[in-house]
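Residues 15 to 690 in our numbering are what the sequence shown spells out, letter by letter. Worksheet: one structure, shown below.
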Amino acid sequence: MRKFLFIILLCLLPAMAAAQDLIPKPVSVEYGKGEFTIKKQIKIYCSQEAGPAAEYLLDKISNAIPLKKRSITARSGFRGGRGDIQLYTDPAMDLPTEGYRLTVTPRNIIIVGKDYGGVFNGIQTLLQLFPSLVYDNTGWYDTSISAPCVEVEDWPRFGYRGMHLDISRTFSDKKEVLKYIESMAYHKINKFHWHLTDDEGWRVEIKSRPELAEIGGFRGGDSPVFPIYGAWDRKYGGYFTHEDIREVVEFARVRNIEIIPEIDLPGHSRTAGKVYPHILCDGPKDTAHSAGYDMRDVWCASKEENYAILEDVLREISELFPSRYIHIGGDEVNMNQWSRCPLCQATMKKEGLSTGHELEGYFMARLEKILEKYGKSAVVWNEAIIGGKLSESTVVQGWESVDACKKAASAGYKTIVMPGKYFYLDMKYTPQEPGMTWAGIVSTDTVYSFRFQELGFTPQQMENVVGVQGTFFSEIYLDHDRNYVYRMVYPRLCALAEVGWTPEENREWDEFNSRLENTHFGRLERMNIDYRKSPKPVPEVKLLRPALSVSSSMDARDSNPFTNLTTYKYGTTTRTTRTCVENDFILFEFDKPVDCDRIEFVSGYSYLRRCIIPFGYVEVKYAGDKEFSRYGDMHNGKTVIKSGKPIKAFRIVSTSKMNGDSSVIIQPLRVVAKEF
Ligand code: TNX
15 MRKFLFIILL CLLPAMAAAQ DLIPKPVSVE YGKGEFTIKK QIKIYCSQEA
65 GPAAEYLLDK ISNAIPLKKR SITARSGFRG GRGDIQLYTD PAMDLPTEGY
115 RLTVTPRNII IVGKDYGGVF NGIQTLLQLF PSLVYDNTGW YDTSISAPCV
165 EVEDWPRFGY RGMHLDISRT FSDKKEVLKY IESMAYHKIN KFHWHLTDDE
215 GWRVEIKSRP ELAEIGGFRG GDSPVFPIYG AWDRKYGGYF THEDIREVVE
265 FARVRNIEII PEIDLPGHSR TAGKVYPHIL CDGPKDTAHS AGYDMRDVWC
315 ASKEENYAIL EDVLREISEL FPSRYIHIGG DEVNMNQWSR CPLCQATMKK
365 EGLSTGHELE GYFMARLEKI LEKYGKSAVV WNEAIIGGKL SESTVVQGWE
415 SVDACKKAAS AGYKTIVMPG KYFYLDMKYT PQEPGMTWAG IVSTDTVYSF
465 RFQELGFTPQ QMENVVGVQG TFFSEIYLDH DRNYVYRMVY PRLCALAEVG
515 WTPEENREWD EFNSRLENTH FGRLERMNID YRKSPKPVPE VKLLRPALSV
565 SSSMDARDSN PFTNLTTYKY GTTTRTTRTC VENDFILFEF DKPVDCDRIE
615 FVSGYSYLRR CIIPFGYVEV KYAGDKEFSR YGDMHNGKTV IKSGKPIKAF
665 RIVSTSKMNG DSSVIIQPLR VVAKEF
């Protein structure tokens, strides 16, 4: 008998452990005795408005068990009493928006939500109580699934718990975007900030201005938009039609996710400027360092026709997206283009504006007016408020720093807190892994460590904080496989989800991390999310520093001289004064022939394939040779020379007409010693 009890206890253990590993952690959970089991059939009763959530839940349950009988009965005014699973809303319940009560007993499961979002959040908690098979739609089944008896009372800390995706730099198609949204929903993320336009591509159809997407949706090949990140040798891109967008919006709506689309204005607009050159300022072109390619990327703030185009764009976007909010950008505007433009100078005089930021304020305020006409409010990046007061209804995203968030909140704007240092999920996890670096190294722990109080947010500022958000900018994505985005986003988004959901005093890193490791990683596997695993140690190599001289057909900037290459100063680079053109070369001559395993040449940033020599070839002069001989081709800005013979010199020759940028960056060579 004792042995029997022990076995039962053993069987219960995994279920109990899993049950406690909820992410994001609920406000209150009380476990009871026993469990609710689904075998061959299930009856769901729900109120009318909870119908889509019921369908969603049934789909997930059907992932885990081949149901013989399944039914959903939706009745208006349903308030519980019948059905194995009962779902309904009760706007009068004493919980905040999106709150819910989930009760599991051996007899039934009841989820009461304050609203639709509440019911949906309750379903997400329930899914985590079931075995992770509910997430797996690849045809693996069990004969039954159970959830432990429990009473959960729960609500979010913030009403805004967002995640972002940049589909301009690297395009993601509809199927990929839907998977991304689904993964967010599993973590009770309820806002999707969709970055649809930027310098490298316009990804949303505008029927009244079709060229924007038809031409601007693609770069490279015969497109006027030159490649700047990846896909150098082909026409690359895509865009979402209105029909696609409606499908995505509906998919998100069922999942309690509001989509906030972004048209990044007035900067980050090189694509629009290539499609419609007349939208740029009347000032000089910016071609000095770029082999004739005009680098300008800012809408002229003074051409009335521009506001007419933008009204068309914003009207269609407003009609397509039900959200009250449309993101109109406002970040990183190169104001030199305005200061060289006679029209913008005249506008500034007329309007009494003395700085570029004030002109940006004028531009954004005009767009706010347009949005208002279509019943919408603006979301903007934090720089947009430097130049003066925007509308009270405008929401600010603080991305540059914690301070920028505080400033926006103090100035009275509703603020979304998303400082790069904590929440930019395109940053590296560790220095050895891929990712951007401008905001620093962002480990999962870094994300989780975000605490408003410790960072000195005042109670007044907190009143304006609507929530938190992560970003995934996609400059580097194209240089990796399609799962790169998931490794960058997960598990960091799990941490962010908890920052946005769980009361600060209930959060503790070690305990969160054990929930991740014990259970949640297993869920992510079943969700088909290729989350980041700790990297394997990189095999150590010995680097040689043979004396050499470097020369080039391109000049180096004073700030990044060629001597950074001859002294092998890792971490610094050489940067040329212009882009590369055909037949530009860089010549490396060693004082003595070098006998090594290999030489690695990398152009561009170490972590970002930009400012590279996109294509070229390599010529080598071996010890004893008089002439150079062709070693091979170079693709995507980097090459490895592994010849087995001592090398006296080598030369990289460009076959690219330009690199879409105004300089070339060269990293110090890595000359790897033979086995040591
Ligand atoms: C900053 S976030 C940007 C983006 C880049 C991102 C890369 C923001 C307002 N501007 O344009 O893609 O960094 O991390």
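C-beta: ideal position from N, C-alpha, C; glycine also. Predicted model only: the values in this text are computed from it and were never measured.
Does the Cβ-Cβ distance between Thr285 and Gly230 come in under 9 Å?
-> For the purposes of this step, residue 285 is taken as the residue at position 271 of the sequence shown. For the purposes of this step, residue 230 is taken as the residue at position 216 of the sequence shown. The Cβ-Cβ distance between Thr285 and Gly230 falls below 9 Å.
Helix, strand or coil at Gln483 [DSSP, three-state] | One-based indexing of the sequence shown puts residue 483 at position 469. In the displayed model, Gln483 falls within a strand according to three-state DSSP.
Contacts around Gly450, its chain only, beta-carbon distance under 8 Å, and the 5 residues preceding and following it disregarded | Walking along the sequence shown from the start, residue 450 turns up at place 436. Inspection of the sequence shows that residue 450 is occupied by Met rather than by Gly. Closer than 8 Å at the Cβ level, and outside the excluded window around Met450, lie Tyr438, Asp440, Met441, Lys442, Phe487, Glu489, Ile490, Tyr621 and Leu622.
C-alpha gap between Phe172 and Arg217, whole angstroms | Taking the sequence shown and counting its residues from 1, one reaches residue 172 at position 158. Taking the sequence shown and counting its residues from 1, one reaches residue 217 at position 203. Each residue's Cα considered, the two are about 30 Å apart.
Go ahead and pull the three-state DSSP assignment for Met177.
-> For the purposes of this step, residue 177 is taken as the residue at position 163 of the sequence shown. In this structure, Met177 counts as strand in the three-state DSSP scheme.
Whose CA, out of Asp300, Ile242 and Ala266, lies closest to the CA of Leu192?
-> Taking the first residue of the sequence shown as 1, we reach residue 192 at position 178. For Leu192, the nearest C-alpha among the options comes from Ala266.
Whole-angstrom C-beta distance between Gln475 and Ser528, which should lie under 8 Å | Position 514 of the sequence shown, counted from the first residue, corresponds to residue 528. Position 461 of the sequence shown, counted from the first residue, corresponds to residue 475. Not confirmed; about 33 Å, so no contact.
Delimiting residues of the beta strand (DSSP E) encompassing Glu333 | Taking the first residue of the sequence shown as position 1, residue 333 is located at position 319. DSSP places Glu333 outside any beta strand (DSSP E); the residue lies instead in the alpha helix (DSSP H), whose first and last residues are Glu318 to Leu334.
Near the ligand TNX: Ala453 beta-carbon under 8 Å from a heavy atom | For the purposes of this step, residue 453 is taken as the residue at position 439 of the sequence shown. Ala453 has its CB nearer than 8 Å to a heavy atom of the ligand TNX.
Between Pro144 and the ligand TNX, is the CB less than 8 Å from at least one heavy atom?
-> Against the sequence shown, residue 144 aligns to sequence position 130. Inspection of the sequence shows that residue 144 is occupied by Phe rather than by Pro. With a threshold of 8 Å, the Cβ atom of Phe144 does not count as near the ligand TNX, since no heavy atom of the ligand is closer than that.
By how many angstroms is the C-alpha of Gln62 removed from the C-alpha of Phe92?
-> In the sequence shown, the residue the question calls residue 92 occupies position 78. In the sequence shown, the residue the question calls residue 62 occupies position 48. In this structure, the CA atom of Phe92 is about 8 Å from the CA atom of Gln62.
Which partner residues does Arg665 have in the DSSP bridge list?
-> For this step, residue 665 is matched to residue 651 along the sequence shown. Its beta-bridge partners are Leu601 and Glu633.
Three-state secondary structure assigned by DSSP to Pro438 = The sequence position of residue 438 within the sequence shown is 424, counting from 1. It should be noted that the sequence gives Tyr, not Pro, for residue 438. In the structure shown, Tyr438 sits in a strand (DSSP, three-state: E or B).
Straight-line Cα distance separating His494 from Tyr102 | As a working mapping, residue 102 is identified with position 88 in the sequence shown. As a working mapping, residue 494 is identified with position 480 in the sequence shown. Straight-line spacing of the CA atoms in Tyr102 and His494 works out to 44 Å.
Which residues in the same chain have their Cβ closer than 7 Å to the Cβ of Gly251, if we skip the five residues on either side of it in sequence?
-> Position 237 of the sequence shown, counting from 1, holds the residue named residue 251. The beta carbon of Gly251 sits closer than 7 Å to those of Phe185, Gly215, Gly231, Phe232 and Arg233, all from its chain and outside the five residues before and after it, given in chain order.
Does the pairing of the segment 499-506 with the segment 455-472 give three or more beta-carbon distances under 8 Å?
-> Here the segment 499-506 lies against the segment 455-472, with 3 or more beta-carbon pairs under 8 Å apart.
Put Tyr194 into one of helix, strand or coil per three-state DSSP.
-> Stepping through the sequence shown from its first residue, residue 194 is reached at position 180. DSSP places Tyr194 in helix when its eight states are reduced to three.
Just the Cα atoms here: how many angstroms apart are Ile56 and Glu257?
-> One-based indexing of the sequence shown puts residue 56 at position 42. One-based indexing of the sequence shown puts residue 257 at position 243. The alpha-carbon atoms of Ile56 and Glu257 are separated by roughly 34 Å.
Beta strand (DSSP E) segment containing Pro275, residue limits | Position 261 of the sequence shown, counted from the first residue, corresponds to residue 275. Run containing Pro275: Glu272 to Leu279, per the beta strand (DSSP E) assignment.
Going by beta carbon distance, what residues of the same chain come within less than 7 Å of Pro776, once the five residues before and after it are set aside?
-> Past the boundaries of the shown model lies residue 776; the chain is included only from 15 to 690, so the question cannot be answered.
Taking only runs of the beta strand (DSSP E) that begin and end inside the segment 38-73, which ones reach a length of at least 3 residues, in chain order?
-> Counting whole runs of 3 or more residues, the segment 38-73 contains the beta strand (DSSP E) stretches 42-52 and 55-61.
Look up Ser463 in the DSSP assignment and say whether it is helix, strand or coil.
-> For the purposes of this step, residue 463 is taken as residue 449 along the sequence shown, with counting starting at 1. DSSP places Ser463 outside both helix and strand once states are collapsed to three, so it counts as coil.
What residues in its chain sit with their C-beta under 6 Å from that of Asp569, if we drop five residues either side in the sequence?
-> The residue you call residue 569 lines up with position 555 of the sequence shown. Within the same chain, Asp569 has close Cβ partners Thr591.
Boundaries of the beta strand (DSSP E) in which Lys205 is found, first to last residue | The count along the sequence shown starts at 1 and reaches residue 205 at position 191. Boundaries of the beta strand (DSSP E) harbouring Lys205: Lys205 to His209, taken from the DSSP string.
Count the other C-beta atoms from every protein chain shown that fall within 10 angstroms of the C-beta of Val685, then say buried if there are 16 or more, exposed otherwise.
-> By 1-based counting over the sequence shown, the position of residue 685 is 671. Classification for Val685: buried.
Between which two residues does the alpha helix (DSSP H) harbouring His201 extend?
-> Position 187 of the sequence shown, counting from 1, holds the residue named residue 201. Where His201 is concerned, there is no enclosing alpha helix (DSSP H), given that its DSSP letter is neither H nor E.
Helix or strand or just coil, what does DSSP make of Pro448?
-> For the purposes of this step, residue 448 is identified with residue 434 of the sequence shown, where counting begins at 1. Secondary structure at Pro448: coil, using DSSP grouped into helix, strand and coil.
Relative to the alpha-carbon of Thr361, which residue among Ser391, Asp296 and Tyr388 has its alpha-carbon at the smallest distance?
-> Translated into positions along the sequence shown, residue 361 becomes position 347. Taking only the C-alpha atoms, the option nearest Thr361 is Asp296.
Same chain only: Cβ atoms within 8 Å of Ile37, ignoring 5 sequence neighbours per side = Taking the sequence shown and counting its residues from 1, one reaches residue 37 at position 23. Excluding sequence neighbours, Ile37 sits near Gln142, His201, Cys508, Ala511, Glu512, Phe526, Arg529, Leu530 and His534.
At which residue ranges does the segment 114-175 contain complete alpha helix (DSSP H) runs of 4 or more residues, listed in the order of the chain?
-> Fully enclosed alpha helix (DSSP H) runs of 4 or longer: 130-143.
Check Glu522 in the structure and name its three-state DSSP category.
-> Locating residue 522 in the sequence shown gives position 508, where the first residue counts as 1. Coil, per DSSP.
Can you tell me where the alpha helix (DSSP H) with Val239 in it begins and where it stops?
-> The sequence position of residue 239 within the sequence shown is 225, counting from 1. That residue, Val239, is in no alpha helix (DSSP H); it is neither H nor E in DSSP.
Within 10 angstroms of its Cβ, does Ala199 collect 16 or more other Cβ (buried), or is it exposed?
-> Position 185 of the sequence shown holds residue 199. With 16 or more other Cβ atoms within 10 Å, it is buried.
Could you name the residues that DSSP lists as bridge partners for Trp395?
-> Counting from one through the sequence shown, the residue named residue 395 turns up at place 381. Beta-bridge annotation (DSSP): Trp395 is paired with Gln411.
With distances taken Cα to Cα, identify the nearest neighbour of Trp169 among Ser353, Tyr114, Tyr194 and Ile600.
-> Numbered from its first residue, the sequence shown carries residue 169 at position 155. If we check each option's Cα against that of Trp169, Tyr114 comes out closest.
Over the uninterrupted alpha helix (DSSP H) stretch that includes Val503, give me the two end residues.
-> Here residue 503 refers to the residue found at position 489 of the sequence shown. From DSSP, the alpha helix (DSSP H) with Val503 extends over Tyr498 to Val503.
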